[in-house]
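**Q**
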Amino acid sequence: MSREFENFNNSETAIRKSSLIQERIGLVSTHMYKQFLDYQHSTMNTAEIFYEMIDNLKAITESLKQSFASRGITTENIYVDYDKDKSVAIINILWHTISFTTRCNYEPQALFRENANPMFSGRIMAISGNYNELTEGINSRNEIMAKLLEKEVASLYVPADKAQNSIFKIKHLSNREFFLNSSDAAREFVLKVVETICGGGLYHEEGSRKSFNI
Numbered sequence: 009m010s011r012e013f014e015n016f017n018n019s020e021t022a023i024r025k026s027s028l029i030q031e032r033i034g035l036v037s038t039h040m041y042k043q044f045l046d047y048q049h050s051t052m053n054t055a056e057i058f059y060e061m062i063d064n065l066k067a068i069t070e071s072l073k074q075s076f077a078s079r080g081i082t083t084e085n086i087y088v089d090y091d092k093d094k095s096v097a098i099i100n101i102l103w104h105t106i107s108f109t110t111r112c113n114y115e116p117q118a119l120f121r122e123n124a125n126p127m128f129s130g131r132i133m134a135i136s137g138n139y140n141e142l143t144e145g146i147n148s149r150n151e152i153m154a155k156l157l158e159k160e161v162a163s164l165y166v167p168a169d170k171a172q173n174s175i176f177k178i179k180h181l182s183n184r185e186f187f188l189n190s191s192d193a194a195r196e197f198v199l200k201v202v203e204t205i206c207g208g209g210l211y212h213e214e215g216s217r218k219s220f221n222i
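The sequence shown begins at 9 in my numbering and counts up one residue at a time.
1) Exposed or buried, which one is Y114 when buried takes at least 16 other CB atoms within 10 Å?
2) If you pair each beta-carbon of the segment 38-50 with each one of the segment 151-170, do three or more pairs fall below 8 Å?
3) Kindly indicate which residue of N189, R111, S27 has the alpha-carbon position closest to the one of L157.
4) What do you reckon, are the CB atoms on A134 and A162 nearer than 8 Å?
5) Find the nearest neighbour of I101 within the set S95, K94, D89, judged by alpha-carbon distance.
6) Just how far apart, CA to CA, sit G208 and K179?
7) Assign R195 to one of three DSSP states: helix, strand, or coil.
8) Going by DSSP in three states, S95 sits in which element: helix, strand or coil?
9) Under the three-state reduction of DSSP, which class applies to Y114: helix, strand or coil?
10) Around the Cβ of G130, are there at least 16 other Cβ atoms within 10 angstroms (buried) or fewer (exposed)?
11) Beta-carbon within less than 8 Å of A118's beta-carbon, same chain only, minus the 5 sequence neighbours each way: which residues are those?
12) Go through its chain and collect everything with a Cβ distance to I109's Cβ below 8 Å, but skip five positions before and after it.
13) By DSSP's criteria, G130 is part of a beta bridge. Which residues make up the other side?
14) According to DSSP, is N64 part of a helix, a strand, or is it coil?
15) Mapping the DSSP letters down to three states, classify F120 as helix, strand or coil.
16) Under 8 Å, with one C-beta from each stretch per pair, do the segment 190-197 and the segment 61-72 reach the 3-pair mark?
17) Are the beta-carbon atoms of Y2 and T69 separated by less than 8 Å?
18) Quick check on this structure: which residue in F120, T21, T105 has the alpha carbon closest to the alpha carbon of L142?
19) Return helix, strand or coil for L210, following the three-state DSSP convention.
20) What's the C-alpha gap between G145 and I152?
21) Going straight from the alpha carbon of L188 to that of K177, what length do you get?
22) From K200 to K73, what does the alpha carbon distance come to, in whole angstroms?
The following block contains the structure:
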């Protein structure tokens, strides 16, 4: 009789444990599902903006060629190139090379914000230099990301909701947030990056001096 009572208690305890596990794991799965959906939507929105950016880079290249050709300067070093997956785009403007990439969206990630809730978003990075040369021979995601962060000029963070503004952050401006709506984000991002890089200049190397803005 006592053994039957013990078996009853053990079964009841097992049921309570199972119920508790299901309840808590249910909360975890709901949270992760929301993140997964945000990741899917932000990834699609990021890709859409990146495709628009490539079109804008082509237009910028043509405009630069016309402008320099009218001044008698050769334009063979002004061009834009991109990979077949359209995840990396590289624009060369005379002695400047700038890369844009979406190859930093490996998993759901949120943008930390000082005075607001984190925003789950996709990211487009603008890099000083040629992406392919910078990452050549590097296979580790962590090492690639470390190299990209080292050369980062700016990033555009694209939310899951198209009605919400993208956030544009320029590294040398202490990562101050600028807001761009979905219809302007592609154009304004590439223009601001080109202006930031090409509107400055390079010092001769002396210690820590590397570049300046004018």
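C-beta atoms are modelled at their ideal positions from N, C-alpha and C, and glycine is treated no differently. No experiment lies behind these values; they were computed from the predicted model shown.
**A** Considering the structure as presented:
1) Against the sequence shown, residue 114 aligns to sequence position 106. The residue in question, Y114, is exposed, as its Cβ has fewer than 16 Cβ neighbours within 10 Å.
2) Below 8 Å, enough C-beta pairs join the segment 38-50 and the segment 151-170 to call them touching: three or more.
3) Numbered from 1 along the sequence shown, position 149 holds the residue referred to as residue 157. For L157, the nearest C-alpha among the options comes from R111.
4) In the sequence shown, residue 134 corresponds to position 126, counting from 1. In the sequence shown, residue 162 corresponds to position 154, counting from 1. With a cutoff of 8 Å on beta-carbon distance, A134 and A162 are scored as near each other.
5) One-based indexing of the sequence shown puts residue 101 at position 93. Ranking S95, K94, D89 by Cα distance to I101 puts D89 first.
6) Taking the sequence shown and counting its residues from 1, one reaches residue 208 at position 200. Taking the sequence shown and counting its residues from 1, one reaches residue 179 at position 171. Near 15 Å, if we compare the C-alpha coordinates of K179 and G208.
7) Along the sequence shown, one-based indexing puts residue 195 at 187. Helix, per DSSP.
8) Locating residue 95 in the sequence shown gives position 87, counting from the first residue. DSSP places S95 in the coil class of the three-state scheme, outside both helix and strand.
9) Here residue 114 corresponds to residue number 106 of the sequence shown, with the count starting at 1. Coil, per DSSP.
10) Residue mapping note: residue 130 aligns to position 122 of the sequence shown, counting from 1. The residue in question, G130, is buried, as its Cβ has 16 or more Cβ neighbours within 10 Å.
11) Taking the sequence shown and counting its residues from 1, the one referred to as residue 118 is at position 110. Result list for A118: P126, M127, F128, S129, in chain order.
12) Here the question's residue 109 lines up with position 101 in the sequence shown. Here the sequence assigns Thr to residue 109, which means Ile is not the residue at that position. The residues S95, V96, A97, I132, M133, I135, Y139, L156, in chain order, have a CB closer than 8 Å to that of T109 in the same chain once the five nearest residues on each side in sequence are set aside.
13) Here the question's residue 130 lines up with position 122 in the sequence shown. The secondary-structure analysis by DSSP pairs G130 across a beta bridge with V166.
14) On the sequence shown, residue 64 is found 56 positions in, with the first residue counted as 1. In this structure, DSSP gives N64 a helical state, which the three-state scheme calls helix.
15) Stepping through the sequence shown from its first residue, residue 120 is reached at position 112. Assignment of F120 by DSSP, reduced to helix, strand and coil, places it in the coil class.
16) In short, these stretches touch, since the Cβ pair count reaches three.
17) Nothing about residue 2 can be read from this structure; the chain reaches only from 9 to 222.
18) The count along the sequence shown starts at 1 and reaches residue 142 at position 134. If we check each option's Cα against that of L142, T105 comes out closest.
19) Walking along the sequence shown from the start, residue 210 turns up at place 202. Three-state DSSP puts L210 in a strand.
20) Working through the sequence shown from its first residue, we reach residue 145 at position 137. Working through the sequence shown from its first residue, we reach residue 152 at position 144. Roughly 10 Å separates the two Cα atoms.
21) One-based indexing of the sequence shown puts residue 188 at position 180. One-based indexing of the sequence shown puts residue 177 at position 169. Here the alpha carbon of L188 sits roughly 11 Å from the alpha carbon of K177.
22) Walking along the sequence shown from the start, residue 200 turns up at place 192. Walking along the sequence shown from the start, residue 73 turns up at place 65. Approximately 19 Å between the Cα atoms of the pair.
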